[in-house]
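Below is one structure, written out as structure tokens, with a few remarks after it.
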Amino acid sequence: MKILLLGASGYVGGALWKSLSARHTVVGTCAQRAVPGLVTVDLRDEAALCALLDQGFDLVMHAAGLVDLAAAEAQPALAHALNVRSVQVLLAAVRDTGTKVLLLSSDNVFDGTGEVYTEEDPRSPVNVYGRTKCAAEDALLGEGGHLVVRIPLVYGRSPWADRFMARFAGPVTRAQTDVVCAPVYLPSLAPALEELWDRQGLLHFAGAEVVTRFELMSRVAEALRLPTRVVPVRNDDVFTSPRRPKRLVLRSVHHDFLGPDVATALADLASDSTEEKT
643 MKILLLGASG YVGGALWKSL SARHTVVGTC AQRAVPGLVT VDLRDEAALC ALLDQGFDLV
703 MHAAGLVDLA AAEAQPALAH ALNVRSVQVL LAAVRDTGTK VLLLSSDNVF DGTGEVYTEE
763 DPRSPVNVYG RTKCAAEDAL LGEGGHLVVR IPLVYGRSPW ADRFMARFAG PVTRAQTDVV
823 CAPVYLPSLA PALEELWDRQ GLLHFAGAEV VTRFELMSRV AEALRLPTRV VPVRNDDVFT
883 SPRRPKRLVL RSVHHDFLGP DVATALADLA SDSTEEKT
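Shown next, in the form of structure tokens:
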């Protein structure tokens with residue numbers, strides 16, 4: 643399969659690029675900083691994006707955009723351009739070509755007041771980022787024939803922008819005791835998307851285990867024997883703006899695929915870390 647992967651230089655996109663390139667022909671994009679093997683394209687440059695699509699692809703995977711909640715809140719126009727307008731341009735360019743679009747969306751389309759969220763639950767975003775993801779979903783689902791996959795917090799290593807592991811770079815890191823999710827181990831995402839991408843509509847994919855962010859971070863530090871001390875905090879003590887949902891447990895009513903539980907994932911992560919040192 644020939645795939646265009648938008649956002650291949652990012653945290654999630656980098657891991658997808660590394661995994662999918664082993665089994666498919668993948669053209670990956672980066673934005674501002676050049677990355678060897680990737681094509682530089684600004685999602686706001688509509689002509690450049692359309693020219694790239696002229697190469698012809700079976701699947702376009704949109705894993706790019708402005709994902710930082712605070713940055714999106716401070717720059718709503720930029721968030722809309724990267725998260726919404728780029729999807730609209732993409733959909734117009736592939737219309738009637740047979741190319742399928744898979745959009746990675748977020749659990750931030752929900753407000754975090756429910757116990758569990760499935761594809762059938764109404765959305766209720768509480769921040770700019772969540773609202774842009776809702777708008778992008780609407781654009782894609784309105785076309786028909788494409789696929790939205792919502793994912794939660796993701797953890798694990800990534801080739802270029804390893805933002806999760808970067809949190810352990812210092813002597814101390816903070817993690818919330820009152821933020822709950824079913825996090826996805828990053829290496830499990832690409833195989834899951836391969837299982838799902840023949841479908842269309844809206845799907846959720848999450849990890850098997852429900853944990854707090856503090857529990858996840860503490861277990862990562864312990865499994866990798868990191869010197870970083872994980873300090874428990876309350877969400878409202880760390881973030882005052884924008885609002886951040888506190889309980890985002892995704893489950894699907896359309897499939898049974900789940901990422902590994904945390905123990906299984908951390909055993910794999912620890913093994914990879916050991917191999918890197920030898």
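According to the numbering used here, the sequence shown is numbered sequentially starting from 643. By construction, the Cβ of each residue, glycine as well, lies at the ideal position given by its N, Cα and C atoms.
#1: Using DSSP with H/G/I as helix, E/B as strand and the rest coil, what is Thr920?
#2: Which stretch, first to last residue, makes up the alpha helix (DSSP H) that contains Gln730?
#3: Can you name, in chain order, every residue of its own chain whose Cβ lies under 6 Å from the Cβ of Gly849, other than the five neighbours on each side?
#4: When you compare each of Leu724, Ser860, His896 to Arg841 by their alpha carbons, which one comes out closest?
#5: Would you call the CB atoms of Ser894 and Glu757 closer than 8 Å?
#6: Would you kindly check if the distance between the Cβ of Leu828 and the Cβ of Val668 is under 8 Å?
#7: In whole angstroms, give me the CA-to-CA distance for Thr920 and Leu866.
#8: Suppose the cutoff is 8 Å on Cβ atoms and the five residues either side in sequence are ignored; what does the same chain contact list for Arg675 look like?
#9: Of all the beta strand (DSSP E) runs that stay within the bounds of the stretch 788-830, which reach a length of 3 or more residues?
#10: Compare the C-alpha of Val952 against each of Ala706, Ala912, Ala664, Gln818 and name the closest.
#11: From the DSSP output, in three-state form, read off Thr760 for me.
#12: Can Lys775 and Val751 be called in contact, C-beta distance under 8 Å?
#13: In the DSSP assignment, what are the bridge partners of Leu646?
#14: Could you tell me if Asp753 is buried or exposed, where buried requires 16 or more neighbouring beta carbons within 10 angstroms of its beta carbon?
#15: Using DSSP with H/G/I as helix, E/B as strand and the rest coil, what is Arg886?
#16: Taking the alpha-carbon positions, what's the Ala777 to Gly786 distance?
#17: Using a Cβ-Cβ cut-off of 6 Å (strictly less than) and excluding sequence neighbours within five positions of Arg765, which residues of its own chain qualify?
#18: Give me, in chain order, the residues of the same chain whose beta-carbon lies closer than 8 Å to that of Asp914; leave out the 5 immediate sequence neighbours on both sides.
Quick answer:
#1: Locating residue 920 in the sequence shown gives position 278, counting from the first residue. Only weak support is given to the placement of Thr920: the predicted model assigns it a pLDDT of 45, under 50, and the value that follows is read from those uncertain coordinates. Secondary structure of Thr920 (DSSP, three-state): coil.
#2: As a first step, residue 730 is located in the sequence shown; it is residue number 88 there, counting from the start. Taken as a continuous stretch (DSSP letters only), the alpha helix (DSSP H) holding Gln730 covers 728-736.
#3: Taking the first residue of the sequence shown as 1, we reach residue 849 at position 207. Counting only Cβ-Cβ distances below 6 Å, and skipping sequence neighbours, we find Ala824, Pro825, Val826, Gly901.
#4: The residue labelled residue 841 in the question sits at position 199 within the sequence shown. Comparing Cα positions, the closest option is His896.
#5: Numbered from 1 along the sequence shown, position 252 holds the residue referred to as residue 894. Numbered from 1 along the sequence shown, position 115 holds the residue referred to as residue 757. No, they are not a contact pair.
#6: Working through the sequence shown from its first residue, we reach residue 668 at position 26. Working through the sequence shown from its first residue, we reach residue 828 at position 186. No, Cβ-Cβ distance for Val668 and Leu828 is not below 8 Å.
#7: The residue you call residue 920 lines up with position 278 of the sequence shown. The residue you call residue 866 lines up with position 224 of the sequence shown. Confidence is the limiting factor: at Thr920 the pLDDT is only 45, short of 50, which leaves the residue's position unreliable, though a coordinate-based value still follows. Approximately 15 Å between the Cα atoms of the pair.
#8: Working through the sequence shown from its first residue, we reach residue 675 at position 33. Cβ neighbours of Arg675 beyond the five flanking positions: Ser651.
#9: Correct list: 789-793, 814-818.
#10: The chain is shown only over 643 to 920; residue 952 falls outside these bounds and no answer can be derived.
#11: Locating residue 760 in the sequence shown gives position 118, where the first residue counts as 1. The answer is coil: DSSP assigns Thr760 none of H, G, I, E or B.
#12: For the purposes of this step, residue 775 is taken as residue 133 along the sequence shown, with counting starting at 1. For the purposes of this step, residue 751 is taken as residue 109 along the sequence shown, with counting starting at 1. Cβ distance < 8 Å, so Lys775 and Val751 count as in contact.
#13: Locating residue 646 in the sequence shown gives position 4, where the first residue counts as 1. Note: Leu646 sits in a beta bridge opposite Val669, Val702.
#14: Locating residue 753 in the sequence shown gives position 111, counting from the first residue. That one is buried.
#15: Locating residue 886 in the sequence shown gives position 244, where the first residue counts as 1. Looking at Arg886 - three-state DSSP - the assignment turns out to be coil, as it is neither helix nor strand.
#16: Numbered from its first residue, the sequence shown carries residue 777 at position 135. Numbered from its first residue, the sequence shown carries residue 786 at position 144. Here the C-alpha atom of Ala777 lies approximately 15 Å from the C-alpha atom of Gly786.
#17: Start at 1 with the first residue of the sequence shown, and residue 765 comes out as number 123. Only residues of its own chain outside the window of five on either side were considered, and among them Val751, Cys776 have a CB closer than 6 Å to the CB of Arg765, listed in chain order.
#18: If you number the sequence shown from 1, residue 914 lands on position 272. Non-local beta-carbon contacts of Asp914 in its own chain, meaning distances under 8 Å to residues more than five positions away in sequence, involve Arg799 in chain order.
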